[in-house]
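Worksheet: the structure to be examined is printed underneath.
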Amino acid sequence: MELYLFAEKTDKNIFVEFKSVFLRKSVIFSGTFFLQFILFFPLSFLNDFQLKITHFIFGDFTQLVLEFFLKKKNTRIDYSSDSYSMLVLIIILLFSSVIFSFIINQKKTKRFLIITEYVCIFYISIILIKYGFDKIFKAQFPEPEPNILFTRFGNLDKDILFWSTIGTSKIYNMIMGSVELFSGILLLLRRSRFLGLLLAMISFTQILIINISFDISVKFFSLILLLMSVFLVRENGWKLIIRIIQLPKRTFLDQNSILPYKTFFKILIAGIIFIKIGLPYFNTEEEKNLMQFNEAYEVTALESPFQYLFFHKDQYLILMEKSSEKMTVFHYDVSFDSQIILKDYNHHISKHFVIRNKDNSITFTFKNQTIHAKPVQYEKMNALQDRFHILVD
Numbered sequence: 001m002e003l004y005l006f007a008e009k010t011d012k013n014i015f016v017e018f019k020s021v022f023l024r025k026s027v028i029f030s031g032t033f034f035l036q037f038i039l040f041f042p043l044s045f046l047n048d049f050q051l052k053i054t055h056f057i058f059g060d061f062t063q064l065v066l067e068f069f070l071k072k073k074n075t076r077i078d079y080s081s082d083s084y085s086m087l088v089l090i091i092i093l094l095f096s097s098v099i100f101s102f103i104i105n106q107k108k109t110k111r112f113l114i115i116t117e118y119v120c121i122f123y124i125s126i127i128l129i130k131y132g133f134d135k136i137f138k139a140q141f142p143e144p145e146p147n148i149l150f151t152r153f154g155n156l157d158k159d160i161l162f163w164s165t166i167g168t169s170k171i172y173n174m175i176m177g178s179v180e181l182f183s184g185i186l187l188l189l190r191r192s193r194f195l196g197l198l199l200a201m202i203s204f205t206q207i208l209i210i211n212i213s214f215d216i217s218v219k220f221f222s223l224i225l226l227l228m229s230v231f232l233v234r235e236n237g238w239k240l241i242i243r244i245i246q247l248p249k250r251t252f253l254d255q256n257s258i259l260p261y262k263t264f265f266k267i268l269i270a271g272i273i274f275i276k277i278g279l280p281y282f283n284t285e286e287e288k289n290l291m292q293f294n295e296a297y298e299v300t301a302l303e304s305p306f307q308y309l310f311f312h313k314d315q316y317l318i319l320m321e322k323s324s325e326k327m328t329v330f331h332y333d334v335s336f337d338s339q340i341i342l343k344d345y346n347h348h349i350s351k352h353f354v355i356r357n358k359d360n361s362i363t364f365t366f367k368n369q370t371i372h373a374k375p376v377q378y379e380k381m382n383a384l385q386d387r388f389h390i391l392v393d
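Okay, here's the thing in structure tokens:
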């Protein structure tokens, strides 16, 4: 029995020791990676001295990996975010971080982590302050250029759409820039550093979601900044967060004074509200198009003054003129004899014949003219494509 207890205690001690060593090595590995990333990943606003150092140390090896392993010849090596060269750099830094995690012993761990913490905090602070000012002064999201303004929405890629749309909002740029600037300043002060880290995590999480959703080519960079913020919070910070959000053992709903019928009525009211809110999302297909029209048609007759016909999902017929791209809007209904009833903004009502041909084109009578139009596959436009690129080159 004593031998069994001794063996069990020994196994437990070994497990605790292994867990302690593993956690320490993981923290050292993370810190080493972030330090190397700060040193070797070139920031565009720091001139090009970082790029020269990185290219001098890793340039030849990066080119070797790109050509022989990734089969990417004549690829630009600038280590910009989401590029193949950055991917190779990250792999190199991960391997070197594993080596350093075994070189740095337990005695040097505390000093190493203190240095790492200060360097990472200043790095994140600089990033937040820089991009905060960029947003406030509209350097990051400037107003769209004329070539963007005169380009149709559907022909723009998602990243340009987001960049251009955000550039039109001064309020958004001022608010987001101020939050990032405030977060960067808080990081520089010891007493407010934890709050600054929480705001930084929120900012970088939002940025990462935007970059992934709109396929913006700084996904790797924003992900590493988020992980760096999480690394800086570490054990003590997470304990505080859990303590803040932890619910009390006895909640209001656990009290005996709550009668069953009250709970029933609460659930009933909440259910009715959710059904009322959610029902329109399930009925869109049923009344989407009364005559099963395509949503966009291109006018084929050269003599017609119109270029496109659009059947809006809310039962609006929109005619776009060729010369000025002016939009003429009517609300439409379908009569029992399959004619379209149009009503303009002055409440003038008119009836028009619409014939659907076998090739899905339509023949439409409007203002003593016959309009022939063919369906447009607008779903293939750039803005509607669910594209996602991990790498950009």
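Here our numbering is used: position 205 in the sequence shown is 205, and no number is missing along the way.
Positions of the beta carbon are idealized from the N, C-alpha and C atoms, including for glycine.
Since we're looking at a predicted model, the values are computed, not measured.
- The alpha carbon of Leu-309 has as its nearest neighbour, out of Tyr-131, Ile-103, Ile-53 and Tyr-378, the alpha carbon of Tyr-378.
- Between Ser-20 and Ile-269, the alpha-carbon positions lie close to 51 Å from each other.
- When the five nearest sequence neighbours on each side are left out, the beta carbons in the same chain lying within less than 7 Å of the beta carbon of Gln-63 are those of Ile-77, in order along the chain.
- In terms of CA proximity to Leu-227, Phe-33 leads the group Phe-33, Phe-22 and Val-354.
- Relative to the Cα of Leu-208, the nearest Cα in the group Leu-198, Glu-180, Leu-223 and Leu-187 belongs to Leu-223.
- In the assembly as shown, His-55 is a buried residue. Its beta-carbon has 16 or more other beta-carbons within 10 Å.
- Going by DSSP, Ser-85 is part of the alpha helix (DSSP H) stretching over 84 to 103.
- A Cβ-Cβ separation of about 18 Å leaves Thr-300 out of contact with His-352 under the 8 Å criterion.
- Rounded to the nearest whole angstrom, the CA to CA distance from Thr-109 to Ser-229 is 19 Å.
- When Ile-355, Tyr-332 and Val-218 are compared, the shortest CA-CA separation from Ile-390 is found for Val-218.
- Annotated three-state conformation of Glu-17 is helix, per DSSP.
- When rounded, the separation of the alpha-carbon atoms in Ser-30 and Tyr-118 is 14 Å.
- Spatial neighbours of Tyr-123 in its own chain (CB-CB distance under 6 Å, excluding positions within 5 residues in sequence) are listed in chain order as Ile-38.
- Counting only residues of its own chain and dropping the five nearest sequence neighbours on each side, Leu-195 has a CB closer than 8 Å to the CB of Leu-186.
- DSSP places Tyr-297 in the strand class (E or B) of the three-state scheme.
- Residues of the same chain with a CB within less than 6 Å of the CB of Leu-199, apart from the 5 flanking positions on each side, are Ser-183 in chain order.
- Annotated three-state conformation of His-55 is helix, per DSSP.
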